[in-house]
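For reference, the structure is listed below as structure tokens.
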Amino acid sequence: TSDDDAVSNVYFNNGYLFFNADPVETDVENDSIALEIRITEGPQATINRVIINGNDRLYEDIIRRELRTKPGQLFSREDLMRSIREIAQMGHFDPENMNPRPIPNAENGTVDIEYNLVSKANDQVEFSAGWGQTGVIGKLSLKFTNFSMRNFLNPKSYKGIIPQGEGQTLTLSGQTNGRYYQAYSISFMDPWFGGKRPNTLSISAYFSKQTDISSNYYRNNSSYYYNPYSYYGGYGGYGYGYGYGNYGYGGYGNYELALDPDKSIMMFGLSAGYGKRLSWPDDYFQFMATLNYQVYKMHDWDYFLISNGTCHNVNLELLLQRNSIDNPLYTRRGSQFSLSVAATPPYSLFDNKDYASMANNDPSKFKLIEYYKWKFKAKVFTPLAPLTVKRTPVLMARAEFGFLGAYNKNKQSPFETFYVGGDGMSGYSSTYATETIGLRGYENGSLAYSANAYSRLSMELRYPFILEPSSTIYGLAFVEAGNAWTDMKDYNPFNLKRSAGVGVRIFLPMIGLMGIDWAYGFDAPNIGSDGKRSGSNFHFIIGQEF
Numbered sequence: 008t009s010d011d012d013a014v015s016n017v018y019f020n021n022g023y024l025f026f027n028a029d030p031v032e033t034d035v036e037n038d039s040i041a042l043e044i045r046i047t048e049g050p051q052a053t054i055n056r057v058i059i060n061g062n063d064r065l066y067e068d069i070i071r072r073e074l075r076t077k078p079g080q081l082f083s084r085e086d087l088m089r090s091i092r093e094i095a096q097m098g099h100f101d102p103e104n105m106n107p108r109p110i111p112n113a114e115n116g117t118v119d120i121e122y123n124l125v126s127k128a129n130d131q132v133e134f135s136a137g138w139g140q141t142g143v144i145g146k147l148s149l150k151f152t153n154f155s156m157r158n159f160l161n162p163k164s165y166k167g168i169i170p171q172g173e174g175q176t177l178t179l180s181g182q183t184n185g186r187y188y189q190a191y192s193i194s195f196m197d198p199w200f201g202g203k204r205p206n207t208l209s210i211s212a213y214f215s216k217q218t219d220i221s222s223n224y225y226r227n228n229s230s231y232y233y234n235p236y237s238y239y240g241g242y243g244g245y246g247y248g249y250g251y252g253n254y255g256y257g258g259y260g261n262y263e264l265a266l267d268p269d270k271s272i273m274m275f276g277l278s279a280g281y282g283k284r285l286s287w288p289d290d291y292f293q294f295m296a297t298l299n300y301q302v303y304k305m306h307d308w309d310y311f312l313i314s315n316g317t318c319h320n321v322n323l324e325l326l327l328q329r330n331s332i333d334n335p336l337y338t339r340r341g342s343q344f345s346l347s348v349a350a351t352p353p354y355s356l357f358d359n360k361d362y363a364s365m366a367n368n369d370p371s372k373f374k375l376i377e378y379y380k381w382k383f384k385a386k387v388f389t390p391l392a393p394l395t396v397k398r399t400p401v402l403m404a405r406a407e408f409g410f411l412g413a414y415n416k417n418k419q420s421p422f423e424t425f426y427v428g429g430d431g432m433s434g435y436s437s438t439y440a441t442e443t444i445g446l447r448g449y450e451n452g453s454l455a456y457s458a459n460a461y462s463r464l465s466m467e468l469r470y471p472f473i474l475e476p477s478s479t480i481y482g483l484a485f486v487e488a489g490n491a492w493t494d495m496k497d498y499n500p501f502n503l504k505r506s507a508g509v510g511v512r513i514f515l516p517m518i519g520l521m522g523i524d525w526a527y528g529f530d531a532p533n534i535g536s537d538g539k540r541s542g543s544n545f546h547f548i549i550g551q552e553f
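Residue numbers (our numbering): 8 to 553.
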């Protein structure tokens, strides 16, 4: 019974592995029975050895540093289950096949703990190609999740083509369409920087350059004209493209005419972050501080508020998050909460410039971008069957809010706004200006191109079909609502665009998460709808959980 479990947990969590509880009937009168629980505590069990089986990917100390069960400590069932959860979060072992086994020794009052693990591939390779208005665009991304920076200069320790074993993450990505568009990025993350404490270090850099399409090219192909920089644009085809217009359907011949080198935008960014696990309010919390620098260099670029000049964005982002989910692939219980603020220095408060008299397209007005940006995200997972059932249906509830503010109303940032609607994946045609927010049942960007506030609410019912090391597949049904506003004064939590639908998610170790959703939007989008409801829409999900 639940009472028996409660009593057992109290004793097991305090080392009484050998205790015994016997219920004894002491009195029976009419329809009532008096029970007496007679407990034999026995000695408290001390952990003797911790044995790890099935690990062929990580250095063993990388696993042991995540364990809550240490030799010499009192046995605790709670610590045992928490250790399993921490191993699952590492991503290198199958969370559905973790089998911890206490091996008690009543003679000397000790217990050995054996962790039986099943290794799984966790590195990811992404290759995508699409056919667009200016030819083929390709993307290649490599994500190594078991990198070892310490052994980088020691080729003898390599496993394959890279040094492995320390659980660090190295990501390399490149996307190009030849001279028309190029983007490259690199990032590194160490969850135990220094090796002694769970403090996270992250470093990343990116570079991209994009040219405009020549007006001569449009004139030669006027019947196929489509603006690739509108928020329905980008490259068509597969992978990260989003063009659903006339891209890739013929009519475009000479791609050399498409390039206009006199119109371009160049972007460069660096970031460095440091995070720390907290012990208060509980040890599921983590705090992260990240310093970001971005530069936008535009030349006759007509798709922003300003078309010429160089803009600099220096901001500090502070993130407080709590993560208690039990399984990163198919979560059955737990929650995720995050609250973040990113802020630039308030230049307009001390530079003595009259921004009210400056034109909005004046490059000097936005040479130093300023803003502050708040975001809150929450997910709660509730199992709808006992956790002993492997294929447990799960209800996931989610809420998100975001707000972009300004220190000076005459210097609203043209960058870092919210691009709302659609599948939530960020194609290159929109990521440099905005943060992409998905809302299924509506086309990409159909709720807002450049909003300063948004909210999104959703509920998902999930059911697993396959839970194996080689693949995880689950289906889902959802209801969703959200909206975006240009001015925070217009924010209305009851004015939401509603949708409902079904979908499927597939996780493959070498590829990552993929999925497809069908959703029906019950309301008219804010942009380009002519008052008609959004209706039926399909959404493809790659490399993210919606």
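The beta carbon of each residue, even a glycine, is placed where N, CA and C say it ideally should be.
Secondary structure of residue i, DSSP reduced to three states
{"i": "residue 540", "result": "coil"}
{"i": "residue 13", "result": "helix"}
{"i": "residue 128", "result": "coil"}
{"i": "residue 466", "result": "strand"}
{"i": "residue 109", "result": "strand"}
{"i": "residue 546", "result": "strand"}
{"i": "residue 69", "result": "helix"}
{"i": "residue 166", "result": "strand"}
{"i": "residue 490", "result": "strand"}
{"i": "residue 586", "result": "Nothing can be reported for residue 586, as the shown portion of the chain is limited to 8 through 553."}
{"i": "residue 497", "result": "helix"}
{"i": "residue 206", "result": "strand"}
{"i": "residue 77", "result": "coil"}
{"i": "residue 87", "result": "helix"}
{"i": "residue 102", "result": "helix"}
{"i": "residue 92", "result": "helix"}
{"i": "residue 373", "result": "helix"}
{"i": "residue 248", "result": "Because the pLDDT of residue 248 is 34, which lies under 50, any placement of that residue in the model is unreliable, and the number read from its coordinates should be weighed accordingly. Coil, per DSSP."}
{"i": "residue 184", "result": "strand"}
{"i": "residue 157", "result": "helix"}
{"i": "residue 413", "result": "coil"}
Cβ-based burial, residue i [other Cβ within 10 Å; buried from 16]
{"i": "residue 80", "result": "exposed"}
{"i": "residue 287", "result": "exposed"}
{"i": "residue 380", "result": "buried"}
{"i": "residue 257", "result": "Its pLDDT being 37, under 50, residue 257 is placed unreliably by the model, and the measurement read from it follows with that caveat. So residue 257 ends up on the exposed side."}
{"i": "residue 214", "result": "exposed"}
{"i": "residue 229", "result": "Residue confidence is low: residue 229 scores 49 on pLDDT, short of 50, so the model does not pin down where it sits. No coordinate-derived value is stated."}
{"i": "residue 608", "result": "Here the chain covers residues 8 to 553 and nothing more, so residue 608 does not appear."}
{"i": "residue 242", "result": "With a pLDDT of 34 at residue 242, under the threshold of 50, the predicted position of this residue should be treated as unreliable, and no value is reported."}
{"i": "residue 46", "result": "exposed"}
{"i": "residue 357", "result": "exposed"}
{"i": "residue 544", "result": "buried"}
{"i": "residue 201", "result": "exposed"}
{"i": "residue 29", "result": "exposed"}
{"i": "residue 67", "result": "exposed"}
{"i": "residue 32", "result": "exposed"}
{"i": "residue 538", "result": "exposed"}
{"i": "residue 374", "result": "exposed"}
{"i": "residue 411", "result": "buried"}
8 Å CB neighbourhood of residue i in its chain, flanking five on each side removed
{"i": "residue 339", "result": "333, 388, 390, 394, 399 and 401"}
{"i": "residue 77", "result": "54 and 57"}
{"i": "residue 520", "result": "512, 513, 514, 548, 549, 550, 551 and 552"}
Own chain residues within Cβ distance below 6 Å of residue i, not counting five before or after
{"i": "residue 119", "result": "55, 56 and 110"}
{"i": "residue 328", "result": "293 and 345"}
{"i": "residue 301", "result": "276 and 320"}
{"i": "residue 404", "result": "387 and 466"}
{"i": "residue 171", "result": "153 and 155"}
{"i": "residue 367", "result": "312"}
{"i": "residue 129", "result": "98, 99 and 152"}
{"i": "residue 408", "result": "383 and 462"}
Other residues of its chain near residue i: CB distance less than 7 Å, five sequence neighbours each side excluded
{"i": "residue 169", "result": "151 and 154"}
{"i": "residue 61", "result": "123, 124, 125 and 126"}
{"i": "residue 468", "result": "400, 402, 483 and 484"}
{"i": "residue 50", "result": "25 and 116"}
{"i": "residue 70", "result": "59, 62 and 94"}
{"i": "residue 75", "result": "86, 89 and 90"}
{"i": "residue 65", "result": "99, 153, 172 and 174"}
CB-CB length for residue i against residue j, believed under 8 Å
{"i": "residue 449", "j": "residue 532", "result": "5 Å"}
{"i": "residue 211", "j": "residue 193", "result": "7 Å"}
{"i": "residue 354", "j": "residue 324", "result": "With 8 Å as the limit, residue 354 and residue 324 do not qualify as a contact, their Cβ atoms being about 18 Å apart."}
{"i": "residue 474", "j": "residue 489", "result": "That pair is no contact at about 30 Å."}
Test: residue i CB closer than 8 Å to a CB of chain D
{"i": "residue 13", "result": "Of the protein chains in this structure there is only one, and it is not chain D."}
**Message:** Threshold first: 3 residues or longer. Then list the beta strand (DSSP E) segments lying entirely within the stretch 379-407, N to C.
**Reply:** Within the stretch 379-407, the complete beta strand (DSSP E) segments of 3 residues or longer fall at 379-390, listed in chain order.
**Message:** For a minimum of 3 consecutive residues, which ranges assigned as the beta strand (DSSP E) are wholly contained in the stretch 252-330?
**Reply:** Correct list: 266-284, 292-306 and 316-330.
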